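Engineer: Handing you this structure, nothing more for now.
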Amino acid sequence: MARGDIKFYQFLLNGFPIILLFFFALTGYSFSFNIFKINISFNFVHLIVFYWVLRKPEMLGYGLIFFAGVINDVVQNLPIGVSSINYLLLCVIASFFRTRTLVPNLIYDWILFFIAILIVSSIHFTVLAIFFDKNISYGTLMSTAFFSFLIYPAVAKIFNQIYLLGLKQEHAE
Amino acid sequence: MSTESSRDDFIIAIRSAFLKKGNRQKFSLFTLLIISILVLSLEYFKTGPVNQFRSITKDIIFRGSYVVSSPFKYVKDKYYLFQDHMSMYEEFSVLRDKDLNLDSLRKEVDFYKSENALLKKLIEERDLFSKEYMLTKILLDKQSPYLKSLIINKGQKNGVKLGSAVKDRLYYIGKVVNVNFLSSRVLLANDLNSKIPIIIEPSGINAILSGNGNDEYAELEYLPKDNEIKENEIVYTSGSDGTIPASIPVGKIIFQDNKKYVKFFSNLNQLNYVQVNK
Chain S
22 MARGDIKFYQ FLLNGFPIIL LFFFALTGYS FSFNIFKINI SFNFVHLIVF YWVLRKPEML
82 GYGLIFFAGV INDVVQNLPI GVSSINYLLL CVIASFFRTR TLVPNLIYDW ILFFIAILIV
142 SSIHFTVLAI FFDKNISYGT LMSTAFFSFL IYPAVAKIFN QIYLLGLKQE HAE
Chain E
302 MSTESSRDDF IIAIRSAFLK KGNRQKFSLF TLLIISILVL SLEYFKTGPV NQFRSITKDI
362 IFRGSYVVSS PFKYVKDKYY LFQDHMSMYE EFSVLRDKDL NLDSLRKEVD FYKSENALLK
422 KLIEERDLFS KEYMLTKILL DKQSPYLKSL IINKGQKNGV KLGSAVKDRL YYIGKVVNVN
482 FLSSRVLLAN DLNSKIPIII EPSGINAILS GNGNDEYAEL EYLPKDNEIK ENEIVYTSGS
542 DGTIPASIPV GKIIFQDNKK YVKFFSNLNQ LNYVQVNK
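This is the structure:
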């Protein structure tokens, strides 16, 4: 591989969480589909923020998370600042658990993620309903949180592999 | 003693989570949370420089989002094109067997139009709404379980007004809820926050069409208890809110599980261009 290609590859691996975060914030994709009249959708931004802040906080800046929240609010027609608060609260919870955890464990992270998104989704609903008088389906919000929780282990495994690839590339240099 | 030390640990962990700046972090979470709350409180300013700044920011983000989403939009358009192609023969057979009798229907409509204009003149009723529509392109199509809206490529600069009705061909699909300098947001009739006054013809019953997040049909609210609405009756905008012109067809009545719904005439997932009332 040429030196320029290696540098680009490394940039992609190191910047992977940021690229992914801004991609989902800008497009607002939730991969929503229906099975037996049940709407299935995922909140990928929650998955990205929680995993990277919990496991590798140096790869995803809080300032960037704040900006991703602002972009998401504009795209999703939410009052600007709501998503930023949600994402930053998720960061607070992840960072709190990081300082309390000695040995990383996927099952433990998985359960913590569920607790974290339940708290964040409830705050999101409360802020929109009380301060902005917005109609929001609580059922859909909770089902999105639940389905995001279900895919967390798979997503965490993929993110971990990408992080290891980045490390390997760094050591190869 | 141990309770005290665990409480201290807890407080240290909380403090560290909020205030400690990690490696390569420029801001603490506490600072950013305060900034977020301040930004959120600016939402209460609907006019002035704050609103102008917000409008420019939104325009920039929408263009960025348009660029990032364009490959996915291309794939989606191709998918629907393929689906249309596959069902073409079926649709052709249905249309061939149907006696549309378009010519006589058109003459009948022309007669009713002229009669209506004459009657309006007699009672000196003024038309409050412009009959002119401008064609706009859809920049972004945001259809998530929480939001059913479109971003169009015309804004304040092109004369788009807040609350204007938006049509797909002849049919009502939504209204403008947010106007920026170069773009606007259209809230589709199936969004949870959409409520529009309608009239059901020929029974002449007024009601409110309320979006439920479903792509194909919406719910009816404030229907009289002993109504005699039949299936396939046509739903039009009533214009009683003073912002949406009257008599734009929206959909037809369908019955599902003993409940009445309105099935949209337009496919809200396959829109590329829409018309905005000037």
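Going line by line, the protein sequences match chains S and E.
Everything in the first sequence is counted per our numbering, starting at 22 for the first residue and increasing by one.
Everything in the second sequence is counted per our numbering, starting at 302 for the first residue and increasing by one.
Idealized CB from N, CA, C, for every residue including glycine.
Predicted model, so just to flag it, every value in this text is computed and none were measured.
#1: Quick one: what's got a C-beta closer than 7 Å to E:Asn533's C-beta in the same chain, skipping five residues either side?
#2: Applying a beta-carbon distance threshold of less than 7 Å, which residues of chain S neighbour E:Gly365?
#3: Quick check: the Cα distance between E:Asn515 and E:Asn481, rounded to an integer number of angstroms?
#4: Hey, is S:Phe117's beta-carbon within less than 7 Å of any beta-carbon in chain E?
#5: In angstroms, rounded to a whole number, what distance separates the CA positions of S:Ile157 and E:Ser465?
#6: Are S:Val141 and S:Asn98 closer than 7 Å when you measure CB to CB?
#7: CA-CA distance, E:Ser539 and E:Asn507?
#8: Applying a beta-carbon distance threshold of less than 7 Å, which residues of chain E neighbour S:Arg121?
#9: Quick one: is E:Pro372 buried, meaning 16 or more other Cβ sit within 10 Å of its Cβ, or exposed?
#10: Does the Cβ-Cβ distance between E:Val551 and E:Val536 come in under 7 Å?
#11: Run through DSSP, which three-state label would E:Ser484 get?
#12: When you compare the CB positions of S:Ser169 and S:Leu81, do they come within less than 7 Å of one another, or not?
#13: Quick check: what's the CA-CA separation for E:Leu569 versus E:Gln384?
#14: Count the other CB atoms, across all protein chains shown, that sit within 10 Å of the CB of S:Val66; report buried if there are 16 or more and exposed otherwise.
#15: For the region 548-577 of chain E, list every residue whose C-beta sits within 8 Å of some C-beta in chain S, in sequence order.
#16: Report the partner residues of E:Met435 according to the DSSP bridge assignment.
#17: Suppose you measure from the CA of E:Asp310 to the CA of E:Phe319; what does that come to, to the nearest Å?
#18: DSSP state of E:Phe373, grouped into three classes?
#19: Would you please verify whether the beta carbon of S:Ser16 is less than 7 Å from any beta carbon of chain E?
#20: In terms of DSSP beta bridges, what is E:Asn559 paired with?
#21: Say whether the region 123-137 of chain S touches the region 170-186 of chain S, bearing in mind that this needs 3 or more beta-carbon pairs closer than 8 Å, one atom from each stretch.
#22: Out of S:Asp130, S:Thr165, S:Gly90, S:Ala115, point me to the one whose CA is closest to E:Ile315's CA.
Structural biologist: By the coordinates alone:
#1: The sequence position of residue 533 of chain E within the second sequence is 232, counting from 1. Counting only Cβ-Cβ distances below 7 Å, and skipping sequence neighbours, we find Lys553, Ile554.
#2: Position 64 of the second sequence, counting from 1, holds the residue named residue 365 of chain E. By Cβ distance, chain S contributes Leu47.
#3: Taking the second sequence and counting its residues from 1, one reaches residue 515 of chain E at position 214. Taking the second sequence and counting its residues from 1, one reaches residue 481 of chain E at position 180. Cα-Cα distance, rounded: 27 Å.
#4: Mapped onto the first sequence, residue 117 of chain S falls at position 96. With 7 Å as the cut-off, S:Phe117 counts as an interface residue toward chain E.
#5: For the purposes of this step, residue 157 of chain S is identified with residue 136 of the first sequence, where counting begins at 1. For the purposes of this step, residue 465 of chain E is identified with residue 164 of the second sequence, where counting begins at 1. Between S:Ile157 and E:Ser465, the C-alpha separation is close to 24 Å.
#6: The residue labelled residue 141 of chain S in the question sits at position 120 within the first sequence. The residue labelled residue 98 of chain S in the question sits at position 77 within the first sequence. Against a cut-off of 7 Å, the Cβ pair of S:Asn98 and S:Val141 comes out as no contact.
#7: Position 238 of the second sequence, counted from the first residue, corresponds to residue 539 of chain E. Position 206 of the second sequence, counted from the first residue, corresponds to residue 507 of chain E. If you take the alpha carbons of E:Ser539 and E:Asn507, they lie about 8 Å apart.
#8: Within the first sequence, numbered from 1, the residue matching residue 121 of chain S stands at position 100. Within 7 Å Cβ-Cβ: Ala314.
#9: For this step, residue 372 of chain E is matched to residue 71 along the second sequence. Flag for E:Pro372 reads exposed.
#10: On the second sequence, position 250 is the one that residue 551 of chain E refers to. On the second sequence, position 235 is the one that residue 536 of chain E refers to. The answer is yes: Cβ separation under 7 Å.
#11: The residue labelled residue 484 of chain E in the question sits at position 183 within the second sequence. It is coil, neither helix nor strand.
#12: Position 148 of the first sequence, counted from the first residue, corresponds to residue 169 of chain S. Position 60 of the first sequence, counted from the first residue, corresponds to residue 81 of chain S. No, they are not a contact pair.
#13: Residue mapping note: residue 569 of chain E aligns to position 268 of the second sequence, counting from 1. Residue mapping note: residue 384 of chain E aligns to position 83 of the second sequence, counting from 1. Taking the straight line joining both Cα atoms gives about 15 Å.
#14: As a first step, residue 66 of chain S is located in the first sequence; it is residue number 45 there, counting from the start. Buried, since its Cβ has 16 or more Cβ neighbours within 10 Å.
#15: none
#16: Along the second sequence, one-based indexing puts residue 435 of chain E at 134. Paired residue(s): E:Val577.
#17: Position 9 of the second sequence holds residue 310 of chain E. Position 18 of the second sequence holds residue 319 of chain E. Whole-angstrom Cα-Cα distance: 14 Å.
#18: Numbered from 1 along the second sequence, position 72 holds the residue referred to as residue 373 of chain E. Three-state DSSP puts E:Phe373 in a helix.
#19: Not covered by the structure: residue 16 of chain S. The range shown for chain S is 22 to 194.
#20: Locating residue 559 of chain E in the second sequence gives position 258, counting from the first residue. None, per the DSSP bridge assignment.
#21: yes
#22: To locate residue 315 of chain E, count along the second sequence from 1; it is residue 14. If we check each option's Cα against that of E:Ile315, S:Ala115 comes out closest.
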